[in-house]
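**Q** The opening position of the sequence shown corresponds to residue 1 in UniProt numbering, with each subsequent residue numbered one higher. Glycine included, each C-beta is placed from N, C-alpha and C at the ideal position. Below: one structure in structure tokens.
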Amino acid sequence: MCFSSFCWHVEDHHLYSLNYLHWGDPKVWYGVPGSHATTLEDAMRKHLPDLFEEQPNLLNELVTQLSPSVLKSESVPVHRAVQRSGEFVLTFPRAYHSGFNCGFNCAEAVNVAPVDWLVHGQNAVELYSEQRRMTSISHDKLLLGSALEAVKALWEISVLGKETPRNLRWKSFCGKDGVLTKAVKTRVQMEEERIDGLPRHLKLQKMERDFDLEKERECLSCFYDLHLSAAGCKCSPDQFSCLKHANHFCSCEVDDRFVLIRYTINELNTLVAALEGGEDSVKEWVSGGSGLVSASDKVACVAKVDMESDTCGTKYLDQRENSSCCQGTEEKLNINVPCSSYSHVSSEVIQSESQHGSFSLDTSHISTESHNAIVNDETLVGNKKVPLDSSLKSEFADTSDVKITTKDQSFPIQKLDPCVKLINLGTVMFGKLWCSKQAIFPKGFQSRVKFFSVVNPTKVGSYVSEVVDAGLLGPLFKVTLEESPSETYTNVSAELCWEMVLQRLNQEIISRSSLGEQGLPPSQSVNGLDMFGFHSQSIIEAIEALDPNHQCMEYWNHRHIRPLTTDNISDANKYSFELSCSIGDTEEKDFGISLTKHDPDNPSEGPGNNSIDEDAHLVLRGLLKKASPEELRIMHRIFCSESQSSKWRVAFTSLIEEIQKSRT
């Protein structure tokens, strides 16, 4: 708006704020470092005493303006910046800022929460508690969610040796001096001090998993978030307070009062030790079932069905100290289901990179593709097929199972392998958003896949996945449950679209499990591109045929050579290699030997023939002896590069050109 202004304020929970000016006239900013926030507040109270007397928390209302020159006279450092079209402005935690627009413009702002914000966020919620101010997000959920994700990364590095960039980034936040470790350690120390300050005979109870699943729980006195612990009394079963106000909750006898805790102090100390780098603590946290909550606190209590008897493995549950899971069930670590109230912040804190992974079990390795299990060093993993539950067998006979045996107790984990059927291939659109490195997304594409129904998870339903044209927004990905057309999910990517389906499915599983329903599948995890069919070989080939000129550049520039399958094995034997670049179907021969094809009628020209290998060795040695050291280094780089690299393509093209020149 023209010449509009924004008053002095800080962001909720002292979050970072990123502002982008899309177009229009400049915006003038005034900012004060977060280290001088208290000085600014004191100056405000000094110069506006009447206003603050009427409204002590006036600065929270975004209605207070004061000249920067007045603040500077009170030794408050004020900085000025002019933001022009196409520029970003980043405000830091608890950094007061204000400003005005120099004319008509359009700007957009978003709060972000990188890992280093967690310390500032903790200070914010403690300050809010003192001011009796309501919170906007659950800081403890974000903190514990980040910690669980980091421990998982440390476990994958130490146990599986998976030093992926994502895992290494999480590792950089850990260690004894890591910013995440310090944030968690500080919170644990605060929790321990508050528990120690409780009356001696006050009962401590394990918190129910769904305690704050449906709604945020806040202290009646100060609105402090109660995700980690809460004090209550039999006289008010639906009302709770934080540990600081536990003694002011009611005047009932101690025997009627109680404290709910999500983790014991020993469990929290194990988490801290794991973040500090203790391998034993990492394994203990992962294998001991300490990870009772996920990044979103949506933890399933999934029934374990014994295929050979009616028992549900209660012996294993009894061995788990302080377990709150119902008999015949086990809690699963699920770090990926977003919580609607703060998912925009959670995604920033845990740096999901659109890679949604949790623990999965397989015979040869353990990957990050499934929500299904927590393992320890005593877990025996097999890949045997076991009989399916009768309600599932008739509807999806291809289901495979992974059987996990832990301390003489076993249960199957059902896993549906997607079998995608093509409905409509659609039309290829040429634009940046209509393809990616992994796939091309034709307009009007439709496919059908069988998967657990979000309406009734004990049954398998049919989902139709489609790509629709959203105009300037590019493609939108839509998934609809055929048996219940009202269950429709739409998002900007196939992965996010199916993530919405999974969130709805896992919520239904949790809800039914809490009511004691049996025969439910465990929490699921799938790849959105798989479920659409964009990783199906037949569908890939059909879509590629729609773009013979390779105009979907991002896809073709990253396309790898297809692996050998029964469908293309004959072609693979016929052609020694296949290029995805625009070299074309050039067929060149030198001295009667094809450079791009093998003659199927002449076995002497096939790969691995000794005489050909010896001739090639002699010819190459002669050529390389004539090369300079620099030429040899370049050749070495070319041979070491992949066949799809630019160096390899340039070398191949140059070779063809030289052969053609030699014939003229």
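What residue does the beta strand (DSSP E) around Asp42 start on, and which one ends it?
**A** Taken as a continuous stretch (DSSP letters only), Asp42 belongs to no beta strand (DSSP E), being part of the alpha helix (DSSP H) at Ala37 to His47.
**Q** If I follow the unbroken alpha helix (DSSP H) through Pro56, where does it start and stop?
**A** Here Pro56 belongs to no alpha helix (DSSP H), and DSSP marks it neither H nor E.
**Q** Take the Cβ of Ser241 as the centre, count every other Cβ of all protein chains shown within 10 Å, and call the residue buried at 16 or more, exposed below.
**A** Buried, since its Cβ has 16 or more Cβ neighbours within 10 Å.
**Q** Looking at the structure shown, is Phe532 part of a helix, part of a strand, or coil, going by DSSP?
**A** Helix at Phe532.
**Q** What I want to know is whether the C-beta of Leu275 ends up closer than 7 angstroms to one or more non-hydrogen atoms of the ligand NAP.
**A** Judged by which ligands are present, the structure shown has none, so any question about the ligand NAP falls away.
**Q** Below 8 angstroms, can you find three or more Cβ-Cβ pairs linking the region 115-129 to the region 259-274?
**A** no
**Q** So what's His14 in DSSP terms, helix, strand or just coil?
**A** His14 falls in the helix class under three-state DSSP.
**Q** To the nearest angstrom, how far is the alpha carbon of Leu623 from that of Lys437?
**A** 37 angstroms
**Q** Suppose you measure from the CA of Ser270 to the CA of Tyr263; what does that come to, to the nearest Å?
**A** It should be pointed out that residue 270 corresponds to Thr in this sequence rather than to Ser. About 10 angstroms.
**Q** Measure the C-alpha to C-alpha separation of Thr64 and Val10 and round it to an integer number of angstroms.
**A** Thr64 and Val10: Cα-Cα distance of roughly 12 angstroms.
**Q** Once you ignore the five residues that flank Phe591 on each side, which residues in its own chain have a CB closer than 7 angstroms to its CB?
**A** With a pLDDT of only 38 at Phe591, under 50, the local geometry of the prediction cannot be trusted, and the value read off the model is given with reservation. Answer for Phe591: no residue qualifies.
**Q** Quick check: the region 85-99 against the region 148-166, are at least 3 beta-carbon pairs closer than 8 angstroms?
**A** Counting Cβ pairs under 8 angstroms, fewer than three are found: no touch.
**Q** Since Arg448 is in the beta strand (DSSP E), which residue starts that stretch and which ends it?
**A** It spans Gln446 to Phe452 - the beta strand (DSSP E) in which Arg448 sits, taken as one unbroken run.
**Q** Expressed to the nearest angstrom, what Euclidean distance is found between the alpha-carbon atoms of Met429 and Ile543?
**A** 11 angstroms
**Q** Can you tell which of Gln524, Trp498 and Leu496 has its C-alpha closest to the C-alpha of Ile509?
**A** Ranking Gln524, Trp498 and Leu496 by Cα distance to Ile509 puts Gln524 first.
**Q** Work out the CA separation of His245 and Pro199 for me, nearest whole Å.
**A** 12 angstroms
**Q** Assuming the contact rule is C-beta atoms closer than 8 angstroms, Leu481 and Val468 should be a hit. Round their C-beta distance to whole Å, please.
**A** A Cβ-Cβ separation of about 17 angstroms leaves Leu481 out of contact with Val468 under the 8 angstroms criterion.
**Q** Roughly how far, in whole angstroms, is the beta-carbon of Asn424 from the beta-carbon of Phe445, given that I think they are within contact range, below 8 angstroms?
**A** That belief holds up - the Cβ atoms of Asn424 and Phe445 are roughly 6 angstroms apart, short of 8 angstroms.
**Q** Only counting the same chain, and skipping five residues up and downstream in sequence, which positions put a Cβ closer than 8 angstroms to that of Gly232?
**A** Gln239, Phe240, Ser241, Phe249, Arg257, Phe258, Val259 and Leu260
**Q** Could you say which of Ala494, Val455 and Lys459 lies nearest to Ser486 if we only look at CA atoms?
**A** Val455
**Q** Buried or exposed for Tyr16, going by 16 or more other Cβ atoms inside 10 Å?
**A** buried
**Q** When the Cβ atoms of the region 52-63 are set against those of the region 105-117, are three or more pairs found closer than 8 angstroms?
**A** no
**Q** Classify Ser462 as helix, strand or coil using the three-state DSSP reduction.
**A** strand
**Q** Looking at Arg94 and Gly34, is the spacing between their C-beta atoms short of 8 angstroms?
**A** yes
**Q** If we ignore side chains and look at the alpha-carbon of each, how far apart do Leu546 and Ile539 end up?
**A** 11 angstroms
**Q** Please classify Ser5: is it buried, with 16 or more other beta-carbons within 10 angstroms of its beta-carbon, or exposed?
**A** In summary, Ser5 is exposed, with fewer than 16 beta-carbon neighbours lying within 10 Å of its beta-carbon over all protein chains present.
**Q** So, at 7 angstroms on beta carbons, what are the nonlocal neighbours of Leu62 in its own chain, with the 5 sequence-adjacent residues on each side left out?
**A** Cys7 and His9
**Q** Express the C-alpha separation of Thr488 and Leu213 in angstroms, rounding to a whole number.
**A** 23 angstroms
**Q** Sort out for me which residues DSSP pairs Trp23 with in a bridge.
**A** Answer is Cys106.
**Q** Indicate the three-state DSSP secondary structure (helix, strand or coil) for Leu425 in the structure shown.
**A** coil
**Q** Under 8 angstroms, with one C-beta from each stretch per pair, do the region 147-160 and the region 80-89 reach the 3-pair mark?
**A** no
**Q** Tell me whether Lys46 is buried or exposed, calling it buried when 16 or more other Cβ atoms sit within 10 Å of its Cβ.
**A** exposed
**Q** Can you find the residues in the same chain that come closer than 6 angstroms, C-beta to C-beta, to Ser536, ignoring five residues on each side of it along the sequence?
**A** Val420
**Q** In chain order, which alpha helix (DSSP H) runs of at least 4 residues are fully inside the region 506-560?
**A** 528-532, 537-545 and 553-557
**Q** Taking only three categories from DSSP, how would you classify Gly34?
**A** helix
**Q** Have a look at Phe452, Tyr555, Leu66 and Ser129 and flag the residue whose alpha-carbon is nearest the alpha-carbon of Glu218.
**A** The candidate whose alpha carbon is nearest that of Glu218 is Ser129.
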